[in-house]
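Asker: Numbering (our numbering), first residue to last: 4 to 245.
Yeah, the Cβ is synthetic: ideal placement off N, Cα and C, and Gly gets one too.
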Ligand SMILES: [Zn+2]
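1. For residue 33, is the classification buried or exposed, using 16 other Cβ atoms within 10 angstroms of its Cβ as the cut-off for buried?
2. If you draw a straight line from the alpha carbon of residue 97 to that of residue 183, how long is it in whole angstroms?
3. Would residue 14 pass as a contact of residue 29 if the rule is Cβ separation under 7 Å?
4. Considering only C-alpha positions, which residue in the set 100, 79, 152 and 128 is nearest to residue 50?
5. Tell me, please, whether the region 216-236 touches the region 98-114 by the rule of three or more beta-carbon pairs shorter than 8 Å.
6. Taking 6 Å as the cut-off, is the CB of residue 156 close to at least one heavy atom of ligand 1?
7. Quick one: is residue 160 buried, meaning 16 or more other Cβ sit within 10 Å of its Cβ, or exposed?
8. How close, in whole Å, do the beta carbons of residue 52 and residue 81 come, if the pair is a contact with beta carbons under 8 Å?
9. Could you tell me the distance, in whole angstroms, from the CA atom of residue 162 to the CA atom of residue 110?
10. Taking just the CA atoms, how far does residue 47 sit from residue 149?
11. Could you pull the start and end residues of the beta strand (DSSP E) that residue 225 belongs to?
12. Return the residue from the list 201, 225, 165 and 205 that minimises the CA-CA distance to residue 190.
13. Do residue 166 and ligand 1 come close, with the Cβ less than 6 Å from some heavy atom?
14. Should residue 162 be listed as close to ligand 1, given that the test is whether its C-beta is under 6 Å from any heavy atom?
15. I need the boundaries of the beta strand (DSSP E) containing residue 240, first residue and last residue.
16. When you measure from the CB of residue 43 to every non-hydrogen atom of ligand 1, does any distance come out below 6 Å?
17. I'd like the list of long-range same chain contacts for residue 186, defined as Cβ closer than 6 Å, with 5 residues on each side in sequence excluded.
18. Regarding residue 183 and ligand 1, is the C-beta to nearest heavy atom distance less than 6 Å?
19. Within the region 81-142, note down every full alpha helix (DSSP H) run reaching 4 residues or more, in order along the chain.
20. Between which two residues does the alpha helix (DSSP H) harbouring residue 194 extend?
21. Counting C-beta neighbours from all protein chains within 10 Å, is the total for residue 246 16 or more, i.e. buried, or is it exposed?
22. Expressed to the nearest angstrom, what Euclidean distance is found between the alpha-carbon atoms of residue 57 and residue 27?
Printed below as a string of structure tokens:
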């Protein structure tokens with residue numbers, strides 16, 4: 004039996020019995036954590052607000068055997084204004100679902116944690132269009148999780164691909180394909196979109212959040228990431244239609 008404290012964000016919950024919830028937390032140092040929030044659905048529960056999606060705070064956990072229980076939580080942010088915009092709420096929920104899918108119990112994921120908080124903050128407290136935000140998030144996630152696509156060489160013949168050259172994208176191999184190697188299964192990608200991806204990786208998040216909306220290869224990055232997840236992200240069905 005021991006008590007530990009973790010800064011974490013609620014990625015998911017499942018209601019349990021009459022008043023309880025099983026929370027899926029994301030800690031930058033401990034990865035994915037499942038913890039029982041007992042009594043959190045009672046109106047006067049001190050952990051009521053900390054047991055909602057997007058709740059970010061310091062969670063004090065009690066560990067017994069393999070089971071963790073939330074004792075208390077010091078809430079830092081709820082991203083509450085997200086609830087006022089259906090589209091942005093759907094995008095935020097999708098971010099949580101993707102992250103839940105890539106992180107592992109016990110494996111630190113500091114970079115992914117910061118990326119998630121940064122993207123949620125922009126989504127909640129800025130007017131920036133959600134498409135480049137989400138596309139940039141997915142691109143940077145592929146980088147922090149170690150499967151960033153190859154954007155400077157053809158994944159088949161290794162030839163260097165110049166700026167402005169016509170290119171295609173191989174979703175399975177993860178990168179650009181030149182004119183000589185392309186097959187019908189490869190997805191066309193415009194030179195502007197290739198440039199967008201390259202620029203976003205070098206400038207970091209300061210660049211991708213302010214870029215023109217339509218240049219972000221949103222559908223492509225979604226396909227690329229979702230192909231690499233163990234299970235489908237259920238909240239993807241709620242995303243705004245194009
Ligand atoms: Zn090639």
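Answerer: Looking at the coordinates:
1. By the 10 Å Cβ count, residue 33 comes out buried.
2. Residue 97 and residue 183: Cα-Cα distance of roughly 37 Å.
3. yes
4. 79
5. The answer is yes - the region 98-114 touches the region 216-236, with three or more Cβ pairs under 8 Å.
6. no
7. exposed
8. Indeed they touch by this definition, with Cβ atoms about 6 Å apart.
9. 36 Å
10. Approximately 43 Å between the Cα atoms of the pair.
11. Where residue 225 is concerned, there is no enclosing beta strand (DSSP E), although the alpha helix (DSSP H) it sits in stretches over 221-229.
12. 225
13. The answer is no for residue 166.
14. yes
15. Here residue 240 belongs to no beta strand (DSSP E), and DSSP marks it neither H nor E.
16. no
17. none
18. yes
19. 89-105 and 113-128
20. 194-206
21. Missing from the structure shown is residue 246; the chain here goes from 4 to 245 and no further.
22. 11 Å
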